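Quick notes on the structure that follows.
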Amino acid sequence: MAASPTSSESGNAFLLLLLAKRVASGLLTLFLVSLVVFIISGLLPGDAAQEMLGQSATPEAVAALRQQMGLDQPAALRFLRWLAGLLGGDPGFSMVANMPVADIIASRLPNSLILAALSTLVAVPLALTIGITSAMRQGGRLDRALNTTTLAMVALPEFLIATIAVLFFAVELRWLPSIALVPAQGSFLDLLRALAMPILSLSIIVVAQMARMTRAAIIAQLGLPYVEMARLKGVSPARLVLVHVLPNAIAPIVNAMALSLSYLLGGAVIVETIFNYPGLASLMVNAVTSRDMPLLQACAMIFCCAYLSLVLIADTVAILANPRLRNR
Amino acid sequence: MSVTVDEIKAGKAVSPGWVAQLPLSGKLGLGLVIFWIATAIAGPWLAPYDPGAFTHQDVFASFGAAHWLGSDYLGRDVLSRVLSGARYSVGLAAAAAIAASCTGTGLALIAALAPRWLDELLSRFIDTLISIPSKIFALVLVAAVGSSLLLLFLIAAFIYIPGAYRIARSQAVNLAQMDYVQVARTRGEKAAYIAIREILPNMLHPMLADFGLRFVFIVLMLSGLSFLGLGVQPPDADLGSLVRENISGLGEAAPAILVPALAIATLTVGVNLLIDALPRRHGSKEG
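Residue numbers (numbering that gives the first Met the number 0), protein chains in the order written: chain F, 0 to 327; chain A, 0 to 286.
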């Protein structure tokens, strides 16, 4: 902290370089991911034009449609055109829905973002509390109970959690609706009520993993000499964990949060379907069923992009939280 | 250590001393794992009814004497359908997990001993695949190639190779620096000998724990796909398909929907409890 201005300046430059490298590497990965998605979704034998027109179509009609869809061009050119479209906000045209993919996604994306944001707001504080409590009572009865519970919860299928939530809150108690219809007009409270069950299911799915990783991150710190030092000088256990340990464990904890939140993306696929929630994940499932490739590719890229952003955020926090890198 | 390895592989041949050392949760896990392996093997013969036959006059019947676990949405026997469905859930996932772990380990051994450029190329490729969330990847693959049993096996194996590779590579690269490997090199042993006789035996234990986790991920992914109607297709039905087809019984809390969902949960939780309880030398829990 007491570094001279020059060394902190060079430290900042070093930091920026490090961050720039991470961002560049993330972008390269994203490019390669888009290549993989493009190649895989083109694996289907035959082509989209033939499939759309059916077996009875004349070769001329197929050829005309291929030309219209740009399928007669070489794959590399189609890839570049698709990629440029993605970057420019035009991921193509959905032949199944007969409207631009961008419009379909624009109607669904806000719903998914709301759900993810609210689930995060519930899950993160809960996971931190469980993880920290557990770590502070390491080896105790509470810790062992929490440990076994979260271990079991990590392995539960999402649809079991969602079905039990429906049974309990909608069928038995009749507190909440079992289908998450977002009210067009209505207060924030109506929205919360409609979304309570999906949020609950998603939170349960991610909390266990997050809490386990938080606990592991804190316990890894508890064995270090500085913790013993603090203990010896008589710091209270709560202060020890919150003031001394937590800042040092922030990088692995944020990493754990990012990884678990990326699990929200996958979990949403099941949860949105069960609750009939009009989000991006259920849209993607529909795209698979109707073989709507442009829509599927665009959804996949959004999810991959979200995942890579989370990883990048975790990396950035890890770099910024490390004073050795900050003041080099 | 070798006892543990063989036991997990066979899922049986339990030596009392090893089991006695397990904590309670581990014993519970072991019991569940053995139960499900036995069910997957013997299930279809134990089924009291033909899983496809309409044997109950009511749909979504509850627990009863003639039909222990009630009936499903068409009046079929739930117990028989679960016993037959377990084979798909356990068998398909086990096959895919074995394929993923073996391929991942093999690639990792190649990467650890190959020239630098090949290692970097391979690792870059794997890093790309690992950056696609597994469920999203599964949806893209199913849309692209379809979902017959063979394709589901290939899809599941392919999606989980990168994770296995990553764990195996970190192990193999460390082991390749060990003195005894250097000695074998100086002795003039071939790369294949070094990989199989010197490095592989020391990776087995962590890779088996990783295999267990991969199995759990694959069970969850395949049953999730089946739940969405994109996995195992009728007339075949795995446990996830059973949950899907009986979803309309949710309002009546029918056993037909709860039992298959709980069946999957006991299988995956059991494996998780068992792995967690195993003595760990240098295992990593990150998937």
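Note that the Cβ used here is the ideal one computed from N, Cα and C, for glycine as well.
Just so it is clear, the structure is predicted and the values come from calculations on it, not from any experiment.
In the structure shown, residue 76/A falls within a strand segment according to DSSP collapsed to helix, strand and coil. In the three-state reduction of the DSSP assignment, residue 235/F falls in the coil class. 149/A is the residue among 65/A, 137/A, 224/A and 149/A whose C-alpha sits nearest the C-alpha of residue 94/A.
Between the alpha carbons of residue 237/F and residue 261/F lies a gap of roughly 30 Å. The C-alpha of residue 207/A is placed about 19 Å away from the C-alpha of residue 27/A.
Proximity of the segment 102-122 of chain F to the segment 295-303 of chain F meets the contact definition, three or more beta-carbon pairs being nearer than 8 Å. Straight across, the Cα-Cα distance linking residue 197/A with residue 177/A is about 10 Å. Under the 8 Å Cβ criterion, the segment 238-251 of chain A counts as touching the segment 156-172 of chain F, having at least three qualifying pairs. Within chain A, 130, 131, 132 and 135 have C-beta atoms less than 9 Å from the C-beta of residue 306/F, given in sequence order.
For residue 275/A, the chain F residues whose Cβ falls inside 8 Å of its Cβ are 150, in order along the chain. When the five nearest sequence neighbours on each side are left out, the beta carbons in the same chain lying within less than 6 Å of the beta carbon of residue 54/A are those of 48 and 76, in order along the chain. When the alpha-carbon of residue 265/A is set against those of 227/A, 253/A and 215/A, the nearest one is in 215/A.
Residue 168/F carries a helical assignment under DSSP once its states are collapsed to helix, strand and coil.
Note on the segment 105-152 of chain F: there is no whole beta strand (DSSP E) run with a minimum of 3 residues.
For residue 49/A, not one C-beta of chain F is nearer than 8 Å to its own C-beta.
Taking C-alpha positions only, residue 87/A is separated from residue 282/F by approximately 28 Å. Excluding sequence positions up to five before and after residue 194/A, its CB lies within less than 7 Å of the CB of 108 and 112, all in the same chain and listed in chain order. If the five residues before and after residue 268/F are omitted, its C-beta is found closer than 6 Å to the C-beta atoms of 280, all from its own chain and listed in chain order. No Cβ of chain F is located within less than 8 Å of the beta carbon of residue 64/A. Beyond the five residues adjoining it in sequence on each side, residue 200/A comes within less than 8 Å, by CB distance, of no other residue in the same chain. Look at residue 227/A: its C-beta is under 8 Å from a C-beta on chain F. Here residue 294/F is actually not in contact with residue 144/A; their C-beta atoms are around 18 Å apart, not less than 8 Å. The three-state secondary structure of residue 22/A, taken from DSSP, is coil. In this structure, the beta-carbon distance from residue 32/F to residue 166/A does not fall below 8 Å.
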